[in-house]
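Numbering (our numbering), first residue to last: 952 to 1104.
Here it is, written out as structure tokens:
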């Protein structure tokens, strides 16, 4: 894997803020011609620095603006139980982020729902069917203050 230089870092900063730029626009922003920019982006993708390009959607406008952080405690700390939980969570559409955490809880989920009723149905019908869960604790988002999804380089 090649070490990142300032141009690579500048490219990563630029695409992390807006991945919709054309190669020509990116080239102008980093003071290179389009061909080397294209090659650098392909290398950064190949080496895993860029996982994928996504659009940040407005959950509120799409009627999924009820955001909940749900802490999960597993029944036991058994490797097979943990793997089963992860595999189950990967199939649930409402869960957009899942982190294995330390402390009182084992996992933190970020969930988008349409309403409190939808979240209640999610807890009873979807999380309730995940046998590895011992307990849950939910925190409801009142207002989203910062949601950038990019790393400061």
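All C-beta atoms in this analysis are idealised placements derived from N, C-alpha and C, irrespective of residue type, glycine included. Source: prediction; values computed, not measured.
If you draw a straight line from the Cα of residue 1065 to the Cα of residue 1040, it comes to about 19 Å. Taking a contact to require three or more Cβ pairs closer than 8 Å, the stretch 1009 to 1024 and the stretch 1066 to 1074 qualify as touching. Cβ atoms of residue 1006 and residue 1063 stay farther apart than 8 Å, at about 15 Å.
The beta-carbon distance between residue 991 and residue 958, rounded to whole angstroms, is 7 Å. This is short enough to meet the 8 Å contact definition. Excluding its 5 nearest sequence neighbours in each direction, residue 978 has C-beta neighbours in its own chain below 7 Å: 984, 985 and 988, listed in chain order.
Taking C-alpha positions only, residue 1084 is separated from residue 997 by approximately 37 Å.
For the 8 Å CB-CB criterion, residue 1097 and residue 1057 do not form a contact. In the DSSP assignment, residue 1064 falls within the unbroken beta strand (DSSP E) covering 1058 to 1064.
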